[in-house]
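Right, one structure below, let's go through it.
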Amino acid sequence: MYVCICHAVTDKKITQAVAEGVESMRQLRHCLGVGSQCGKCVCHAQQVLMEAQQVKISFQLQREVA
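Using UniProt numbering, read the sequence shown as starting at 1 and increasing by one per residue.
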């Protein structure tokens, strides 16, 4: 689903950015341009960013336990 229409950024692109090491909205804005134009996407982008970070952490913990 599109999160930022101004820059054609989807939730999958944000998730991929997190997998590649993005950890903050500032980094996300720098990499993908999210929230740098009209700003309407910022709240949703933050939510997607946090969810992707939680999934990444869960995956890392599962790998450590196994």
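The beta carbon of each residue, even a glycine, is placed where N, CA and C say it ideally should be.
Residue 9 - partner residues in DSSP beta bridges: According to the DSSP secondary-structure assignment, residue 9 is paired through a beta bridge with 4.
8 Å Cβ shell around residue 32 - same chain, five flanking residues per side excluded: Taken in chain order, the residues that qualify are 4, 7, 9, 13, 14, 17.
Span of the alpha helix (DSSP H), counted from its first residue to its last, around residue 40: Annotation for residue 40: no alpha helix (DSSP H) segment contains it, and DSSP assigns it neither H nor E.
Short Cβ contact (9 Å threshold) for residue 25 with residue 46: Cβ atoms of residue 25 and residue 46: closer than 9 Å.
Option in 58, 50, 59 with minimal Cα separation from residue 23: Comparing C-alpha distances from residue 23 to each of 58, 50, 59 shows the shortest one belongs to 50.
Nearest to residue 60 (by Cα), restricted to the options 34, 37, 11, 19: Closest by C-alpha distance to residue 60, out of 34, 37, 11, 19, is 19.
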